[in-house]
Amino acid sequence: MAEREELQKRYAYHAMSNKVEQADRSSRRVRGSEGTGEVETLRGRRDIGRMGDRVEEGQPPPPPTKKAKHVPSGPPSRRVAHGNETILDLGNLTGYQPTTEQAKAAYESILTIIGSKALLGNQGPQVLRDAAEEVLATLKDPNLRDPERHETISVLLTGKSPRLSGGLSTEHFTALLQYGKQLDDYNKDQQLKDDDKVDDEMGVAVVFDESEDEANKHDDSEIDQNVV
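Residue numbers (the UniProt record's numbering): 1 to 228.
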């Protein structure tokens, strides 16, 4: 207990304060505007200035200009990914090819509906063309009624019945039905395909030269005379 009191007295503030040495700053060179570190009063000084006086006023730099992206016009499903061509401009695609202005406009509208987010979405040109080919074949089938066409096209494009959530809506089916009626050259195109198919099945007709036929008849007559 006595030792503890002795230590407290030894390290008491009044006993240690006289042992703190002050740094000698007499030989240190002080610059003109540099403070000495000593506390100075500000009373009576007028050169203090106000807060923010050293802030330089100026106009902020203009933001960098961005080039406007060129957005091609027309329905989304008509655009090709790397250009402004439409699906109808691609010549290497097979299937129905509209030939009149009315048919082209109606066919492009059909492709737009098929390529919408509610149906096939963002697909390649050939996928949309193949789907449109099946849709048109269903719409133009005279043996089907509209409810049957609606059911078939809904399963084709969505995989669901139109009576279920996510199936082909009545609005979309009605639009497809109306645009299909505007394809005034569809039957002609199909007739040409049917005629070509019949020609392929029947084969190529062989035409004999009349001169060869007459020569054969002359040879036959000479043979008959020799026999007599």
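Just so it is clear, CB atoms sit at the ideal spot from N, CA and C, and this is done for glycine as well.
For residue i, count the other beta carbons within 10 Å of its own beta carbon; 16 or more makes it buried, fewer makes it exposed. Which is it?
i, result
"residue 132", "buried"
"residue 152", "buried"
"residue 129", "buried"
"residue 121", "exposed"
"residue 167", "buried"
"residue 135", "buried"
"residue 164", "exposed"
"residue 9", "exposed"
"residue 98", "buried"
"residue 154", "buried"
"residue 125", "buried"
"residue 145", "exposed"
"residue 7", "exposed"
So what's residue i in DSSP terms, helix, strand or just coil?
i, result
"residue 109", "helix"
"residue 9", "helix"
"residue 187", "helix"
"residue 97", "coil"
"residue 104", "helix"
"residue 133", "helix"
"residue 118", "coil"
"residue 127", "helix"
"residue 40", "coil"
"residue 57", "coil"
Does residue i get closer than 9 Å to chain B when you measure Cβ to Cβ?
i, result
"residue 180", "You won't find chain B in this structure, because it holds only one protein chain."
Can you check the stretch 136-183 for any alpha helix (DSSP H) of at least 4 residues that lies completely inside it and give the ranges in chain order? 146-158, 170-181
Quick check: the stretch 102-118 against the stretch 174-184, are there 3 or more CB pairs under 8 Å? yes
Would the stretch 167-180 and the stretch 109-129 be scored as touching if the rule is three or more Cβ pairs under 8 Å? yes
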